[in-house]
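In what follows, a single structure is set out as structure tokens and then discussed.
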Ligand SMILES: [Zn+2]
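Numbering (my numbering), first residue to last: 1 to 72.
Put into structure tokens, the structure is as follows:
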């Protein structure tokens, strides 16, 4: 008998990549894509998530020249 009745499911806890503490409110800070096999998602707690740059998906095409438009 498994006896799963009346038991609440575990909260989706993740370990913060920065402070190595498990958090119940994980924030995705990075998604690592691998050539072979599935990628994995890097989580951080809410306190550490502010120290990470925003998701690079929307701004992955930024020019590498930094501030452009002022060269003469
Ligand atoms: Zn953290």
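Beta carbons: idealized from backbone N, C-alpha and C, even for Gly.
All figures in this text were calculated on a predicted structure; none of them were measured in a lab.
- The C-beta distance from residue 42 to residue 17 rounds to 5 Å, short enough to fall under 8 Å.
- When the beta-carbon positions are compared, residue 40 and residue 27 stay at least 9 Å from each other.
- For the pair residue 29 and residue 46, the Cα-to-Cα distance works out to about 10 Å.
- Per DSSP, reduced to three states, the secondary structure at residue 10 is coil, with no helix or strand assignment.
- Near ligand 1, residues with a Cβ at less than 6 Å from any of the ligand's heavy atoms are 16, 18, 19, 21, 44, 45, 47, 48; the list follows chain order.
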